Amino acid sequence: MVTGAAVFSATPALAKGSGQCQHQICMWEDINYDGDLYVDAPAVVGCHDIHGWNGDNEISSVRNKSDRYTLYLYSEDGCVGELIKLHPNHDRADLAYYFVNDDAESYAVRDE
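Counting in the working numbering, the sequence shown tops out at residue 1246, every number present.
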């Protein structure tokens, strides 16, 4: 089992919005993978808080590009208050459709 947390800063890229997803776990400010890319991280098993003023409670679209790991979003830091589950290679372009827009404060990567 791999443990640890890593959240990488987004940098301007050639893709739509302010960032192109470089890793397996990516979360954007706006729907349709647009706006600022607040989370761009490898799929590391464990709980990860969405840090900083920007990103925390601002996630509107999410992508799980992992071939193996399941992604969970949570409404509170420390992976409390499960919001939504994304299986490997799944994404959600508009979290408002699932009534969880701008609610995520943390996420977990699990090997299920």
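Just so it is clear, CB atoms sit at the ideal spot from N, CA and C, and this is done for glycine as well. In this text the structure is predicted, and so the values were computed from the model without any measurement.
Problem - Alpha carbon of LEU1229 to alpha carbon of VAL1173, nearest angstrom - result: Reading the sequence shown from its first residue, position 95 is the one you call residue 1229. Reading the sequence shown from its first residue, position 39 is the one you call residue 1173. For LEU1229 and VAL1173, the distance between alpha carbons rounds to 15 Å.
Exercise for the section: Measure the C-alpha to C-alpha separation of GLU1246 and TYR1203 and round it to an integer number of angstroms. Expected result: Within the sequence shown, residue 1246 is the residue found at index 112, counting from 1. Within the sequence shown, residue 1203 is the residue found at index 69, counting from 1. Taking the straight line from one Cα to the other gives about 7 Å.
Handout entry: Burial state of HIS1221 (16 or more Cβ within 10 Å)
Key = To locate residue 1221, count along the sequence shown from 1; it is residue 87. Per the 10 Å Cβ criterion, exposed.
Practice task
Provide the residue span of the beta strand (DSSP E) that contains LEU1171, from first to last.
Solution key: If you number the sequence shown from 1, residue 1171 lands on position 37. Per DSSP, LEU1171 belongs to the beta strand (DSSP E) from 1168-1175.
Handout entry: Limits of the unbroken beta strand (DSSP E) element including SER1200
Key = Here residue 1200 is taken as the residue at index 66 of the sequence shown, counted from 1. Per DSSP, SER1200 belongs to no beta strand (DSSP E) and is neither H nor E.
Practice task
May I ask you to check if the CB of CYS1160 is nearer than 7 Å to at least one heavy atom of the ligand PLP?
Solution key: In the structure shown, the ligand PLP is absent, as is every other ligand, since no ligand is present at all.
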